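**Q** Residue numbers (the working numbering): 56 to 306.
C-beta: ideal position from N, C-alpha, C; glycine also.
Source: prediction; values computed, not measured.
The structure's right below; bear with me while I get my questions together.
What follows is the structure, encoded as structure tokens:
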């Protein structure tokens, strides 16, 4: 459990690794990008499939979700079968840098996942140039900072998540999307959770994971709980320095 990468751990416990704003962001994307049952979507770094699955339930859209993590894709398929068996989303274990498809997509979803890619601009350029339809839409929800994050906290966060966290302000974050036309934008604040909320979330998630994985060992459950709680506490600590932007961008 402790040796897993962040993305593999999220997949293993079937954390519904929701994007910033959760259903509120999905609703804004749906309305302002005109997602419907004719839309063909591609989601990068889909983890356990929350965004693409729920968008398909809401709109009837179809498409593909990809992630490099096998446990994440396994759980995306599980969640589709259990919670939304009628949607037309295929989940594939694939590296976005080498992903190939003969299809073009009307909407490409990156959410807040670009930080998992070493070269964010390069991955957008590759995916958009090869797989986005003319006048296609990019759906993003990137974090940006409103004041500097202490260096000690940055180091702690990067050890928890295994990636470089966002330390750029709004203007610098938006440079990644410089080739797009902004159709809609909403800059949103983040609300910290209290300890009871954090523990309830972690207990609920780990109890579900233990049922899925047939885990009865108390020590293993506690290890899973402790790691997830550490992740949630770190996310909570960062919220006082962050906002996020809901973006609908046209190529």
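Between the alpha carbons of residue 214 and residue 300, how many angstroms are there, rounded?
**A** Taking the straight line from one Cα to the other gives about 25 Å.
**Q** In the DSSP output, what is residue 120 paired with across the bridge?
**A** Bridge partners of residue 120: 98 and 146.
**Q** Only counting the same chain, and skipping five residues up and downstream in sequence, which positions put a Cβ closer than 6 Å to that of residue 161?
**A** 94, 95, 188 and 191, listed in sequence order.
**Q** For the alpha helix (DSSP H) that residue 258 lies in, which residues bound it at each end?
**A** Per DSSP, residue 258 belongs to the alpha helix (DSSP H) from 250-268.
**Q** Within 10 angstroms of the Cβ of residue 273, are there 16 or more other Cβ atoms? Answer buried if so, exposed if not.
**A** So residue 273 ends up on the exposed side.
**Q** In the DSSP assignment, the beta strand (DSSP E) including residue 85 goes from what residue to what residue?
**A** Looking at the DSSP string, residue 85 is not in any beta strand (DSSP E); the run it does join, the alpha helix (DSSP H), is 77-88.
**Q** Using DSSP with H/G/I as helix, E/B as strand and the rest coil, what is residue 189?
**A** Residue 189: strand per DSSP, three-state reduction.
**Q** What are the start and end residues of the alpha helix (DSSP H) that includes residue 282?
**A** Note, residue 282: alpha helix (DSSP H), 273-293.
**Q** Report all residues from its chain with a CB closer than 6 Å to the CB of residue 125; omit the five preceding and five following residues, and keep chain order.
**A** The answer, listed in chain order, is 148.
**Q** Is residue 298 helix, strand or coil by DSSP?
**A** Strand at residue 298.
**Q** Between which two residues does the alpha helix (DSSP H) carrying residue 108 extend?
**A** Run containing residue 108: 105-114, per the alpha helix (DSSP H) assignment.
**Q** Which of helix, strand or coil does DSSP assign to residue 56?
**A** Three-state result, residue 56: coil.
**Q** For residue 179 and residue 247, what's the separation of their Cα atoms in angstroms?
**A** Taking the straight line from one Cα to the other gives about 31 Å.
**Q** Return the residue from the list 230, 221 and 245 that minimises the CA-CA distance to residue 79.
**A** Among 230, 221 and 245, the Cα nearest to that of residue 79 is on 245.
**Q** Roughly how far, in whole angstroms, is the beta-carbon of residue 276 from the beta-carbon of residue 288, given that I think they are within contact range, below 8 Å?
**A** Incorrect: roughly 18 Å between the Cβ atoms, too far for contact.
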